[in-house]
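**Q** In my numbering, the protein residues as written are 1 to 89.
Glycine included, each C-beta is placed from N, C-alpha and C at the ideal position.
Because the structure is a prediction, the values reported are computed rather than measured.
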């Protein structure tokens with residue numbers, strides 16, 4: 001079954017929220033079985049780290065670094081741009 005393509009931002013945000021909640025429910029339900037397999041455990045650790053830290057870095061740390069240290073840290077947004085600009089609809 002293919003997902004329904006989002007037609008607007010509201011629908012897309014609801015879909016992404018539903019997928020992320022499903023991911024967390026699966027991790028919570030199957031975490032014991034996943035810990036014994038190296039690759040799924042690594043995938044889950046990377047996804048959890050990315051979900052928790054990427055928004056903190058993008059919204060708080062990079063602007064502080066740009067303002068207080070050097071404008072060169074604006075390149076952090078340029079590095080992240082391909083991931084943000086992926087077309088989903």
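Please report the straight-line C-alpha distance between residue 8 and residue 29, rounded to a whole angstrom.
**A** Taking the chain shown and counting its residues from 1, the one referred to as residue 8 is at position 8. Taking the chain shown and counting its residues from 1, the one referred to as residue 29 is at position 29. Rounded to the nearest angstrom, the two C-alpha atoms are 32 Å apart.
**Q** If you drop the 5 nearest sequence neighbours on each side, which residues of the same chain put their C-beta closer than 8 Å to that of residue 34?
**A** Locating residue 34 in the chain shown gives position 34, counting from the first residue. Excluding positions up to five away in sequence, the list reads 27, 40, 41 and 44.
**Q** DSSP three-state call for residue 21: helix, strand or coil?
**A** Stepping through the chain shown from its first residue, residue 21 is reached at position 21. Correct three-state label for residue 21: helix.
**Q** Please give the ranges of any alpha helix (DSSP H) in the region 39 to 89, keeping only runs that are unbroken, at least 4 residues long and fully inside the region.
**A** Qualifying alpha helix (DSSP H) stretches, in chain order: 62 to 68 and 75 to 84.
**Q** Give every residue of the same chain whose Cβ lies closer than 7 Å to the Cβ of residue 88, excluding the five residues on either side of it in the sequence, and list them in chain order.
**A** For the purposes of this step, residue 88 is taken as residue 88 along the chain shown, with counting starting at 1. Note that residue 88 scores 49 on pLDDT, short of 50, meaning its location in the model is unreliable and no value can be drawn from it.
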